[in-house]
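Numbering (our numbering), first residue to last: 107 to 555. C-beta atoms are modelled at their ideal positions from N, C-alpha and C, and glycine is treated no differently. In what follows, a structure is listed as structure tokens, so that the remarks can point back to it.
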């Protein structure tokens, strides 16, 4: 949520931000917010005057009666005041709710370094790493490949839960778990605290993280309950400290969340008709940081370095792009996307996003930092996907696929898979054969010697 001071003193900044984002449909919302704020402040002042008049007139009636004078006019005036106050209180409350709803829907202010653009085609490439190569043999689609190896069952997933769900089996299930475990270990070594968050959130907590009106078609709601399944793991991490004051000396707080996410809308897989790239249910390791305002841009680059280091460890080629103004999420001031190389699709595709949300979410969630008796300031929040396992597995199945239809396991993941180096028939490590035990010579033989 934006600072009310900006709305009151510099609404043109918000207007320019909406135009820069290409979000002109929200301009009427801004105009309404300015008007509702003005009317709300006027209503509060009028309410204070009426309440003050109620207190004054009570004394005037008492004085008139004490002096033996007629207090009828004052009594009639006093009788009208409760209804006036009640009506004005109702109006002030309505204005406050309307104003808050409007402020929750106005997007964050973009950082000055964000390039202007309308769609993802206008995103700017920052750098690349690795050799983006296409093998000389024809790559199999990852869904076809996984089914052929017996490590994924899309049909049974569809029959049991519907389209967009899958059973992962054997070494592919182990690969998913290996990515999670390696991701957590990777971040723990960099000072992050592992967190297993709730997989559901109340509406009040969710509204602190996102504009729920924009997420309504994406999220699963628990019927009859004030609960939503999480659409991404940074949401419960951000809500963890809602309505709290953090010790400023303990900032930044670095959290590493491992969780399962659920999304109703999944979109297309790309060149393949079925697959793991977009699923209703997927696992992810997320970086989330609460920090001082003055250090958030340095932390933003730190998180980016972490996600790039993770994909370098896997030896998966990637590129980094900065999202343009029209493609940047509503809660973010600036976002980098990390796009892995997918050789079957001959394209880079997004596997993670790194966003600095400045104080936008902290204001909605009322998360501040300070010392006892000292000044309290809103923290800045940042989130970055280290690994979404389903998309990363697609990248592995394409980049490490062999001509014979087997798939090499990235070296850093092999210790997490019991030493398995290749997914496919006859690819398991052979058990070490024990050396045959030497037979002890009999007493008679030893005596002969």
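Check: Length of the line joining the Cα atoms of residue 233 and residue 332; Outcome: 43 Å
Check: Coil, strand or helix - residue 514 by DSSP; Outcome: strand
Check: Residue 301 - partner residues in DSSP beta bridges; Outcome: 363
Check: Distance between beta carbons of residue 388 and residue 492, contact taken as under 8 Å; Outcome: Actually they do not touch by this definition, with Cβ atoms about 14 Å apart.
Check: Residue 313 classed as buried or exposed, judged by whether at least 16 other C-beta atoms fall within 10 angstroms; Outcome: buried
Check: Start and end residues, alpha helix (DSSP H) containing residue 217; Outcome: Premise fails: residue 217 is in no alpha helix (DSSP H) and is neither H nor E.
Check: Residue burial classification, residue 472 (beta-carbon count within 10 angstroms, cutoff 16); Outcome: exposed
Check: Residue 521, buried or exposed, once every other Cβ within 10 Å from all chains shown has been counted against 16; Outcome: exposed
Check: Contiguous beta strand (DSSP E) assignments of at least 3 residues, all confined to the stretch 146–195; Outcome: none
Check: Assigned secondary structure, residue 498 (DSSP; H/G/I helix, E/B strand, else coil); Outcome: helix
Check: Exposure of residue 336, with buried meaning 16 or more beta-carbon neighbours within 10 Å; Outcome: buried
Check: Three-way DSSP call (helix, strand, coil) for residue 370 in this model; Outcome: coil
Check: 7 Å CB neighbourhood of residue 418 in its chain, flanking five on each side removed; Outcome: 235
Check: Spatially closest choice to residue 257 from 270, 243, 282 and 239, by CA coordinates; Outcome: 282
Check: Bridge partners - residue 441, DSSP secondary structure assignment; Outcome: 461
Check: Whole-angstrom distance between residue 173 and residue 186, CA atom to CA atom; Outcome: 24 Å
Check: Nearest-angstrom Cα separation, counted from residue 163 out to residue 177; Outcome: 10 Å
Check: Best match in 134, 486, 208 and 154 for proximity to residue 394 [C-alpha to C-alpha]; Outcome: 486
Check: Beta-carbon spacing of residue 527, residue 458 below 7 Å; Outcome: no
Check: Under the three-state DSSP convention, the category residue 294 falls into; Outcome: helix
Check: Length of the line joining the Cα atoms of residue 340 and residue 428; Outcome: 20 Å
Check: Backbone CA spacing between residue 156 and residue 327 [nearest angstrom]; Outcome: 44 Å
Check: Three-way DSSP call (helix, strand, coil) for residue 491 in this model; Outcome: strand
Check: Boundaries of the alpha helix (DSSP H) in which residue 113 is found, first to last residue; Outcome: 110–115
Check: Given 8 Å, three or more beta-carbon pairs between the stretch 244–264 and the stretch 459–471; Outcome: no
Check: Span of the beta strand (DSSP E) around residue 475; Outcome: 474–476
Check: For residue 180, the nearest candidate out of 216, 167 and 357 (CA to CA); Outcome: 167
Check: Cβ-based burial, residue 323 [other Cβ within 10 Å; buried from 16]; Outcome: exposed
Check: Beta-carbon spacing of residue 431, residue 220 below 7 Å; Outcome: yes
Check: contact_flag[the stretch 392–411, the stretch 195–206] where n(CB pairs < 8 Å) is 3 or more; Outcome: no
Check: Sub-7 Å separation of residue 315 and residue 344 beta-carbons; Outcome: yes
Check: Cα-Cα separation, residue 319 to residue 190; Outcome: 35 Å
Check: Expected contact under 8 Å - CB spacing of residue 489 and residue 392 to nearest Å; Outcome: 6 Å
Check: Three CB pairs or more closer than 8 Å across the stretch 432–450 and the stretch 204–219; Outcome: yes
Check: Option nearest residue 153 by Cα separation, candidates 203, 188 and 127; Outcome: 188
Check: First and last residue of the uninterrupted beta strand (DSSP E) at residue 393; Outcome: 387–397
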